[in-house]
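Heads up, the thing below is written out as structure tokens.
Number of protein chains: 2
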Amino acid sequence: MESVLTEAVALLDEAGAPALTFRALAQRLGGGVASIYWYVASKDELLDRATDHVIGMMLADIEELPGSDDPIDDLRAMALKLFDAIVDRPWLGAYFMRNTGTQGNSLRLYERLGQQTLRLDLTALQRFHAVSAIVGVVVGSAVDLGQEPPQEVLDGAVDRDEFLGRYAQTWRELDPEKFPFVHNIVDEFDGHDDVDQFRSALELTLTGLRLQAEA
Amino acid sequence: MESVLTEAVALLDEAGAPALTFRALAQRLGGGVASIYWYVASKDELLDRATDHVIGMMLADIEELPGSDDPIDDLRAMALKLFDAIVDRPWLGAYFMRNTGTQGNSLRLYERLGQQTLRLDLTALQRFHAVSAIVGVVVGSAVDLGQEPPQEVLDGAVDRDEFLGRYAQTWRELDPEKFPFVHNIVDEFDGHDDVDQFRSALELTLTGLRLQAEA
DNA sequence: ACCTGAACACCGTTCAAGT
DNA sequence: ACCTGAACACCGTTCAAGT
Numbered sequence: 001m002e003s004v005l006t007e008a009v010a011l012l013d014e015a016g017a018p019a020l021t022f023r024a025l026a027q028r029l030g031g032g033v034a035s036i037y038w039y040v041a042s043k044d045e046l047l048d049r050a051t052d053h054v055i056g057m058m059l060a061d062i063e064e065l066p067g068s069d070d071p072i073d074d075l076r077a078m079a080l081k082l083f084d085a086i087v088d089r090p091w092l093g094a095y096f097m098r099n100t101g102t103q104g105n106s107l108r109l110y111e112r113l114g115q116q117t118l119r120l121d122l123t124a125l126q127r128f129h130a131v132s133a134i135v136g137v138v139v140g141s142a143v144d145l146g147q148e149p150p151q152e153v154l155d156g157a158v159d160r161d162e163f164l165g166r167y168a169q170t171w172r173e174l175d176p177e178k179f180p181f182v183h184n185i186v187d188e189f190d191g192h193d194d195v196d197q198f199r200s201a202l203e204l205t206l207t208g209l210r211l212q213a214e215a
Numbered sequence: 001m002e003s004v005l006t007e008a009v010a011l012l013d014e015a016g017a018p019a020l021t022f023r024a025l026a027q028r029l030g031g032g033v034a035s036i037y038w039y040v041a042s043k044d045e046l047l048d049r050a051t052d053h054v055i056g057m058m059l060a061d062i063e064e065l066p067g068s069d070d071p072i073d074d075l076r077a078m079a080l081k082l083f084d085a086i087v088d089r090p091w092l093g094a095y096f097m098r099n100t101g102t103q104g105n106s107l108r109l110y111e112r113l114g115q116q117t118l119r120l121d122l123t124a125l126q127r128f129h130a131v132s133a134i135v136g137v138v139v140g141s142a143v144d145l146g147q148e149p150p151q152e153v154l155d156g157a158v159d160r161d162e163f164l165g166r167y168a169q170t171w172r173e174l175d176p177e178k179f180p181f182v183h184n185i186v187d188e189f190d191g192h193d194d195v196d197q198f199r200s201a202l203e204l205t206l207t208g209l210r211l212q213a214e215a
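Quick mapping for you: the protein sequence lines, in order, are chains C and F.
Residue numbers 1 to 215, in the UniProt record's numbering, belong to the letters of the first sequence in order.
Residue numbers 1 to 215, in the UniProt record's numbering, belong to the letters of the second sequence in order.
Now the structure itself:
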């Protein structure tokens with residue numbers, strides 16, 4: 001069972017979600033296709049368990065964080081750790097936090113984030129919404145990451161900066177009258193860093209949260 | 001071509017992403033499977049174009065909004081319209097704003113959101129990040145919506161409140177020592193409204209943004 | 001308890017051929 | 001320019017059968 005999940009995650013890491021096939025997995029495990037059905041009932045369950053498996057590792061990372069006297073600083077540190085893990089595993093974007101409700105490591109992670117809000121002067125409803133918002137920021141960025149590489153970049157035929165630059169160029173050729181915003185930000189888009197984008201989005205949410213807690 | 005997209009969207013609306021099949025689509029169009037390949041080069045392109053098609057309708061909705069003297073109020077109104085549209089089409093969650101960079105209605109929508117930030121006292125970088133953050137909140141909530149209905153609810157065998165209540169019950173049975181946060185918010189989770197959750201997440205981001213613009 | 005081979009139904013995609 | 005039937009390679013899943 002353990003090795004089924006390990007190899008499933010390895011396949012996902014190596015070539016993304018489409019690479020995780022019962023046949024490919026069986027071959028790696030040196031067995032038949034149908035054997036896997038003894039461990040999981042369906043591909044959905046395989047994906048769920050594989051995701052839960054890596055969330056378990058993320059959870060271990062997060063529990064090692066030092067912690068501070070500011071719960072919002074701690075939330076930021078935790079969210080950044082999550083983001084880092086998703087950068088390393090873009091396929092997670094599609095499955096991360098899919099089943100918070102169901103038992104397992106997703107729930108433990110959810111709890112861990114939520115515990116920081118217990119240290120803030122908020123109502124229970126505000127806490128529930130705050131954690132949803134933070135998870136939402138992470139998932140929103142994760143989805144972005146999950147579908148960014150457009151095959152040419154994966155092939156190494158063209159690097160990310162060149163790819164962004166190409167898009168930026170088509171933006172610069174748009175009518176400035178009709179696309180004033182795109183023209184305003186195109187230089188920022190060109191060569192931008194995903195982690196900066198994530199940090200900013202997170203910061204807006206955390207600022208709003210801090211204000212709410214101090215009100 | 002137009003009818004290909006219309007029927008594709010109809011299939012997606014009726015039974016979600018798995019229902020959109022070249023064979024199902026061909027049958028609806030009263031033709032052969034291979035015919036569709038004269039209009040689109042692949043299923044990915046079909047999905048992209050179908051998504052762009054509905055984003056075009058969302059864009060029309062958004063352009064009808066009255067507009068106010070407060071750009072942040074306008075951003076909130078636009079984001080809520082987007083959320084409403086995604087509630088009606090949960091399958092959008094997986095594809096919404098997947099290709100902002102590429103031409104089409106996604107880019108126009110992106111521009112439209114961004115134009116509101118031009119009315120705020122921000123740097124170009126802050127504007128770029130602000131719009132990403134808002135889109136992120138929408139996408140984050142959209143993904144949540146896209147995977148919520150767990151077949152029993154779709155079948156109508158059990159309604160949403162009952163489904164949430166069942167989860168809430170398993171949460172209440174967890175050890176309160178290990179899951180203090182979950183216990184703190186379980187009553188809020190039970191029977192919660194998705195739109196409230198979205199509004200709160202959006203509000204935190206918009207509050208942060210307003211503060212940034214006034215700094 | 002754990003594994004297997006072989007089949008089934010379904011899928012996206014291609015291609016040579018038609019009008 | 002537009003459509004077709006038939007095939008190909010691949011997929012998740014099942015099942016009767018083995019150890």
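Glycine included, C-beta positions come from ideal geometry on N, C-alpha and C.
When Cβ pairs closer than 8 Å are counted between the two stretches, the segment 103-117 of chain F is seen to touch the segment 52-60 of chain F, the count reaching three or more. Annotation: the continuous alpha helix (DSSP H) that includes GLU63/C extends over 43-63. For VAL186/C, the enclosing alpha helix (DSSP H) begins and ends at 180-189. Fewer than three beta-carbon pairs drawn from the segment 164-179 of chain F and the segment 167-180 of chain C are found closer than 8 Å, and the two stretches are therefore not classed as touching.
When CB distances to chain C are screened at a threshold of 8 Å, the residues of the segment 187-208 of chain F falling below it are ASP187, GLU188, PHE189, HIS192, ASP196, GLN197, SER200, ALA201, GLU203, LEU204, THR205, LEU206, THR207, GLY208, in chain order. Within the same chain, PHE83, SER141 come within 7 Å of PHE198/C by CB-CB distance, once the 5 residues on both sides are set aside. Cβ contact annotation for THR205/F (same chain, cutoff 7 Å, sequence separation greater than five): ALA133, ILE134, VAL137, in chain order. Pairing ASP194/F with SER200/C, the inter-Cα distance amounts to about 25 Å. Residue burial is scored here from C-beta neighbours: ALA41/F has fewer than 16 other C-beta atoms within 10 angstroms and is therefore classed as exposed. Within the segment 176-187 of chain F, LYS178, PHE179, PRO180, PHE181, VAL182, ASN184, ILE185, ASP187 place their CB atoms closer than 8 Å to a CB of chain C, listed in sequence order. Boundaries of the alpha helix (DSSP H) harbouring ILE134/C: 124-146, taken from the DSSP string. A direct Cα-to-Cα measurement between PHE128/F and GLY31/F gives close to 45 Å. In this structure GLY191/F is not in contact with VAL143/F, their Cβ atoms being roughly 22 Å apart against a cut-off of 8 Å.
Residue contact check for HIS53/F against chain C: no CB pair falls below 8 Å.
Taking a contact to require three or more Cβ pairs closer than 8 Å, the segment 61-71 of chain F and the segment 11-21 of chain F do not qualify as touching.
Within the model, the alpha-carbon separation for GLU2/C versus GLY114/C is close to 29 Å. In this structure, PRO71/F lies away from LEU118/C, with their beta-carbon atoms at least 8 Å apart.
Between the alpha carbons of HIS183/F and THR207/C lies a distance of about 26 Å. For the C-beta of THR117/C, the chain F residues within less than 8 Å are, from N- to C-terminus, PHE181. Taking GLY146/F as the centre and dropping the five residues before and after it, the same chain places the C-beta of PRO90, GLY93, ALA94 closer than 6 Å to its C-beta, in chain order. Here VAL131/F is not near MET97/F, since their CB atoms are 8 Å or more apart.
THR21/F is classed as exposed because its beta carbon has fewer than 16 other beta carbons within 10 Å across all chains shown. Identification of chain F residues near ARG28/C by a Cβ-Cβ cut-off of 8 Å yields none; the smallest Cβ-Cβ distance measures about 27 Å. Taking the CA atoms as reference points, SER35/C sits about 32 Å from VAL87/C. Taking 8 Å as the cut-off, the Cβ atoms of ALA213/C and LEU122/C count as close.
Annotation: Cβ neighbours of ARG98/C in chain F (cutoff 8 Å, chain order): GLN147.
Neighbours of GLU111/F in chain C, taken as residues at a C-beta separation under 9 Å, are given in chain order as LEU174, LYS178, PHE179, PRO180, PHE181, VAL182. Secondary structure note for ASP175/C: it is in no alpha helix (DSSP H), with a DSSP letter that is neither H nor E.
Between the C-alpha atoms of ASP44/F and ALA124/C there is a straight-line separation of about 42 Å. Secondary structure of PRO66/C (DSSP, three-state): coil. With a threshold of 8 Å between beta carbons, ALA124/F makes contact with chain C. By the beta-carbon neighbour count (other beta carbons within 10 angstroms, threshold 16), TYR110/F is buried.
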